[in-house]
Every structure is written in structure tokens, then in C-alpha cells.
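Okay, structure first, notes after.
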Amino acid sequence: MLIGQNSVVSIQYTLTNDSGEVMDQSQEGQPLVYLHGAAGIIPGLENELTGKTEGAEFKVTIKPEEAYGDHIPEMVQEVPRTSFPPDQDIQVGMQFNAESPNGPMTVAVTAVTDDTITVDGNHPLAGLTLHFEGKIEGVREATAEELDHGHAH
Ligand SMILES: [Zn+2]
Numbered sequence: 001m002l003i004g005q006n007s008v009v010s011i012q013y014t015l016t017n018d019s020g021e022v023m024d025q026s027q028e029g030q031p032l033v034y035l036h037g038a039a040g041i042i043p044g045l046e047n048e049l050t051g052k053t054e055g056a057e058f059k060v061t062i063k064p065e066e067a068y069g070d071h072i073p074e075m076v077q078e079v080p081r082t083s084f085p086p087d088q089d090i091q092v093g094m095q096f097n098a099e100s101p102n103g104p105m106t107v108a109v110t111a112v113t114d115d116t117i118t119v120d121g122n123h124p125l126a127g128l129t130l131h132f133e134g135k136i137e138g139v140r141e142a143t144a145e146e147l148d149h150g151h152a153h
């Protein structure tokens, strides 16, 4: 069966950045399972997998516009340390939920000084060219319930 609209696809993959550093990967025996055509994965990878079949291997380079978008400087903000509870130990890498004009968003702490905390609302992979390498483990037709929900079960 070829991968197309409404296929449920299982893939094993390794994601690296331009420096070859591994940013993410599926675990042995736990492939990524997604519903094709439902925006479950980034567009660049979905396009690459369309028309491929079980057992096929893939290796693809994806620009930010087909992945997680550009890194938007306005989404990086320096806020006063006093906006956080004084007894809270704020460290680089911590994540918080914040309100934005577009609704709730997750921000990550990227810098901490005595007076300020820098938070970044961009996706951690925003602005990066992504290199995916992997193998298609399975392709099947989605069930009516999966199509109804818009995701794979
Ligand atoms: Zn569901």
C-alpha cells in the first residue's frame, strides 16, 4: 500500500541538525505513528513520504519553512526577575505556560541573570534546517474513528 491521504504510517527516524547533532529520534520498538494528510507531522517530511511504501528508507533535508518555521525574534522576551516568585529557582531549559495574544503558549527559559529572565516562545526547532533519515515500518488504512479524530490510534 502506498502512503497517501488517510494512511496511518509508522516510521523509525533520526533527526539531526546541520552540524550532525541528533535532535530527536524514535526509540527501538516505538515508531512514530501518524495519520497522513492531517498535519500530524511537518509538511516537508509528509511530502517526502507520500507515495512511498512499507520497508522504504528515506533521507531528506527540510528547510525551516517546510518544518517549524523561522525563528521569530519578537517571540524572545526579557522579563524582570521580579515577575517570578522570589523563591522559585529559575534555570535555563525550564518551560512555562504563558498567555499570548494568540492563546496559551509554551515558552522556554534561555538565559538567567540576577535581574532578568529571557524566555523564548519559538518552537525549539524553529529556524533550523532538519535532516531526517529513517525507514517506513508500516502503512495501513485509517479506521473511521481515526479519521473522525484526525489522528492515529
Ligand atoms: Zn482519537
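The numbering of the sequence shown is full-length UniProt numbering, which starts it at 1 and goes up by one. Just so you know, even glycine gets a beta-carbon here, dropped at the ideal spot from N, CA and C.
Own chain partners of L128 with C-beta closer than 6 Å, once the 5 adjacent residues on each side are dropped: N17
Three-state class that DSSP yields for residue 177 in the structure shown: The question about residue 177 has no answer here: the residues shown for the chain are numbered 1 through 153.
Given 8 Å, three or more beta-carbon pairs between the segment 25-35 and the segment 89-108: no
Buried versus exposed, by CB contacts within 10 Å (16 or more), D70: exposed
Beta-bridge pairing of G138 - partner residues as DSSP gives them: S10
L45, DSSP secondary structure in three states: helix
Collapsed DSSP secondary structure at E21 in the structure displayed: coil
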